[in-house]
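Here the structure comes first, spelled out in structure tokens, and everything after it is commentary.
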Amino acid sequence: MAEEGYRVTLNVYDLSQGLARQLSTSFLGKAIEGIWHTGIVVYGNEYFFGGGIQHLPAGSTPYGTPLKVVELGVTHVPKDVFEMYLQEINPRYLPETYSLLTHNCNNFSNEVAQFLVGATIPDYILQLPNEVMSSPMGSLFLPMIQNLETTLKSGGVPQVPQFRPTTVSPASNFASVTTQKSSTAPNSSTEKKAIPSKEVAKGKEEDKKTENAVSASEKAAAASNGVVKIL
């Protein structure tokens, strides 16, 4: 296999899982395609830098399925020589030396690619920190960057934030207000029926007295005129 060489590829992952592409223009004022993490795949393993230099069987890293696989070339460097090289550069790639802006997994992949095949990884990956920090709102992302560094230094995989905006339905609010207003509005028909029965009886009694008084006066007038009215 050493005579034929070993295929070297670059696995490219988007740590934002598409959110950077969707939201970067609004938040940063410029388009960012992804928050890139990379690993070098060779000798059946994937090598990457997080909580120190790490390697796992290809396809079994915690980053899932790569968004892109970039062909870097073929190396004739034997695996044991490569492992000696990793031991040599290990002091420069310890967890405490990790910096998301200046010394990250992509810088490691770039250095390893140059050692194996004499090529560099794509420039858009290496320039991502500069693009973010040079954007109009880049400085506001420093707290988030520091949190990401803490996670990546420990060898963890950052979790994608979940956006669950709270929405208020104007229609439902309006309905509740309308209900409240209608419940407090006076009911004229009900109020009209609410006259006490005692007052009604009293009114009828007074009407009867008036009627009797009128009848008596009529009788007296008729008697004085010599006319008798039969009721």
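Heads up: take any position in the sequence shown, counting from 1, add 872, and you land on this note's numbering. Positions of the beta carbon are idealized from the N, C-alpha and C atoms, including for glycine.
Any idea if residue i is buried or exposed, counting beta-carbon neighbours within 10 angstroms, 16 or more meaning buried?
i	result
L966	exposed
N1002	exposed
G888	The amino acid at residue 888 is misidentified as Gly; the sequence shows Ser. With 16 or more other Cβ atoms within 10 Å, it is buried.
G906	buried
T1022	exposed
Y970	buried
Closest to residue i by C-alpha separation, out of the options, would be which residue?
i	options	result
V946	V914, F921, P929, Q959	V914
F954	G922, L891, W908, E918	E918
G924	Y885, G911, S1007, A930	G911
V880	Y935, V941, I907, W908	V941
P929	Q986, G916, L958, Y935	G916
M1005	T992, G990, I997, L973	L973
F921	E983, A991, L891, P994	E983
L988	V949, E960, Y970, D995	V949
L882	S981, D995, G931, T1023	S981
In whole angstroms, what separates the C-alpha of residue i from that of residue j?
i	j	result
N962	Q894	37 Å
L944	N1019	31 Å
H927	P1008	37 Å
F878	K951	The identity of residue 878 in the sequence shown is Tyr, whereas the question assumes Phe. If I take the Cα positions, the gap works out to 9 Å.
L1000	H975	12 Å
A892	D886	9 Å
Given a cut-off of 8 Å, decide if residue j and residue i are closer than it, judged by their beta-carbon atoms.
i	j	result
N978	W908	yes
V884	L958	no
Taking 8 Å as the threshold (beta carbon to beta carbon), is residue i in contact with chain B?
i	result
M1005	You won't find chain B in this structure, because it holds only one protein chain.
- [ ] Please go through the stretch 908–947 and give each complete beta strand (DSSP E) segment of 3 or more residues, from N-terminal end onward.
- [x] 908–914, 917–922, 924–929, 940–947
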